[in-house]
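Working notes, structure below.
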Amino acid sequence: MTSSPGFSAQTLSVLAALCDEPSQWQHGYALAKQTGLKSGTLYPILIRLADRGLVEACWQDEPEPGRPRRHLYRLTAAGLASAAEARARAARPKAARAARTPTVRGTVVGVLP
Amino acid sequence: MNRWNRAAAAARRAAAWLLPAGRREWVAAIWAEAYEVPPGLARLAWRAGGAWVIARQALLPRRLGRAAVFAAAAGAAAWAAWPQPTVGHAAVSQFHVIATVLLLAGLPLLSRRFFGPPSPSRAGRFLRVFCCAAVLALMPALAIVEAFANLTPAQPAYRYVFCIAQGWSNVQGCTGVPGRSTGGPAWAGEIPLILMTVAYLGVILFLTSRRSRVTRGTLAIGAGTGLLFGVVMYAVAPLGLSNDATDPWLPGSAADPLVALAWILLIGGPAATAVLATRRGRGPGGAALPRNVRIGQGIAAGVLANATAALFVSALGFSTTALMLRSPWLLHWLNHGQHLTAIAAYRYEIIAGADTNVYPLMLIWFPVIGLIMSALGAACTSLGRPAPRELTPVPATPGNQ
């Protein structure tokens, strides 16, 4: 199932964090530090993304001694595509602004002595 | 692991049983990750987040909350509408209450099965909640108005007024046991009422489902126009349509501009919404829709507009009349500045009760008018206008790079 086009800002930040190293499994705490999200916000997002098939999760094979096994996350192929699409969509207005700005500035600069 | 940690882990394991099986490992994941968080407040906050996730997933799921709200509202409406055994045709009225509640509870489930999940638009959610609330509000209001309108008065002077309001020229042909409500809805009247409820719920559930392909914009246009028309109609006919008991706040010619606006909205509203919805006809992502789909969007918007208005004015009109019959202060507030004798007040009430007969007519004819006018509007717009172009990105060329 593909993603819906409308991701929240928090979901986009999680997708961006997972996109940094898409082949690597990442931990929840590392994602929380990267995105600045609390656990009560981060995990519902991960649950939704996993339900949509955009994120896959697994348990750590060899836990550190004296620690419980950790849950690991990474993007699926569909998740990668959705993240790329969402990033492109988010960047589109910026690109449009960037294209307009030099023209306006250029006009202003041209008027100035 | 100290005592607090063991207690917290035990509480977490117990709480996890509140969750569906597929969610339990997520709670375990949050708890396991807590060991990576620096001890102290940060770790406590992390676990509090985990508790919040459990609460959201287990204790406060939206479906459970919605079901609880519906059960409470349906229970209250059924309690208020449940007829006394002495009321005429009590069995029919009891059937009406039970059938309406079962329809409201069951049709959304059937709709999900056949039409798919609800549309994710706010207008779609609003329309579903509004339709359910209006049908629930109509239930007790209808019961109160019917019980009063069919209650044969004991005193002869009141009986005369009662018989005139029932359409008799005198008390001779007007039968009924004084002091008892001997009339009321018969099966012949009940079945069309239930069919109308099924039709309204079915159409609104279908149009607000994903499989209907009605766009968010169409739903918003239809709901918005319908609400506007409903407000205008309620201002025109708060107690049914009659020269005797209507427009308590806009007496005489003061209501004329609103009456004109109501006619314009009844005929022109669906046509205008159809034109708008047909012109806007774009799917998700701005994709152009085929001509027949755009016509369908226009018709859906027009029907929704008039159906919403009919439901709005009927629910509010019946409720206002029922409240007036139960609350003397409202009767006197609606007739402020007049000295109402007891029999004048009764005459006012019985006429208002009889005038509510116009609302079922609105419920039948408004959507039909909406269907005809919106079909005309959508067809004219679609014939006179080429299909909108696809929104495709401009190819990069050396000139525009």
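Heads up: the sequence lines are chains A and B, in that order. For the record, in the first sequence the residue sitting at position 62 is 62 according to our numbering, with numbers rising by one throughout. For the record, in the second sequence the residue sitting at position 221 is 221 according to our numbering, with numbers rising by one throughout. Note that beta-carbon positions come from the ideal geometry of N, C-alpha and C, so glycine has one too.
Sequence-distant partners of B:Leu219 (beyond 5 residues in either direction) whose C-beta falls short of 6 Å from its own C-beta, in its chain, are Ser121, Ala123 and Gly124. For B:Pro118, the three-state secondary structure derived from DSSP is strand. Here B:Asn150 is buried. Its C-beta has 16 or more other C-beta atoms within 10 Å.
Unbroken alpha helix (DSSP H) runs of no fewer than 4 residues, entirely contained in the stretch 15-92 of chain B, are found at 21-33, 41-54 and 62-81, following chain order. B:Gly298 is classed as buried because its beta carbon has at least 16 other beta carbons within 10 Å across all chains shown.
Proximity of the stretch 70-83 of chain B to the stretch 98-106 of chain B meets the contact definition, three or more beta-carbon pairs being nearer than 8 Å.
The beta carbons of B:Ala45 and B:Ala315 sit no closer together than 7 Å. Around the beta carbon of B:Val69, a 10 Å sphere encloses fewer than 16 other beta carbons of the protein chains shown; the residue is thus reported as exposed. Put simply, the stretch 299-306 of chain B touches the stretch 208-226 of chain B. At least three CB pairs are less than 8 Å apart. A contact between stretches requires three or more CB pairs, one per stretch, nearer than 8 Å, and the stretch 197-215 of chain B fails this requirement with the stretch 159-166 of chain B. Note that the stretch 67-75 of chain A touches the stretch 17-30 of chain A; at least 3 beta-carbon pairs, one per stretch, sit closer than 8 Å. If you look at A:Val55, you'll find it in the beta strand (DSSP E) that goes Val55 to Trp59. Contact annotation for B:Arg24 against chain A: no contact, minimum CB-CB distance about 12 Å [criterion: below 7 Å]. Around the CB of A:Ser8, fewer than 16 other CB atoms lie within 10 Å, so the residue is classed as exposed. If you ignore the 5 residues before and after B:Tyr234, its C-beta comes within less than 6 Å of the C-beta of Val313 and Leu316, all in its own chain and listed in chain order. Close to chain B, meaning a Cβ-Cβ distance shorter than 7 Å, are the following residues of the stretch 21-33 of chain A: His27, Gly28 and Tyr29.
Scanning chain B for C-beta atoms nearer than 7 Å to the C-beta of A:Ser39 yields Ile30, Trp46, Gly49 and Gly50, reported in chain order.
Boundaries cannot be given for B:Arg211, as no alpha helix (DSSP H) includes it and DSSP labels it neither H nor E. Of the residues assessed, B:Asn306 falls on the buried side of the cut-off, its CB having 16 or more other CB atoms within 10 angstroms.
Using a Cβ distance threshold of 7 Å, B:Ala137 and B:Ser319 count as a contacting pair. An exposed status is given to A:Glu62, since fewer than 16 other beta-carbon atoms sit within 10 Å of its beta-carbon.
Look at A:Leu75 here: in three-state DSSP terms it is strand. In the DSSP assignment, the residues bridged to A:Gln26 are A:Tyr73. Closer than 7 Å to the CB of A:Arg87 there is not a single CB belonging to chain B.
Distance check between B:Thr308 and each of B:Gly377, B:Pro328, B:Leu205 and B:Leu376 places B:Leu205 closest, using alpha-carbon atoms only. Looking at the DSSP output, B:Gly240 sits in a beta bridge with B:Pro238. For A:Tyr73, the closest Cβ of chain B is not nearer than 7 Å. Taking a beta-carbon distance threshold of 7 Å, B:Tyr359 does not count as an interface residue toward chain A.
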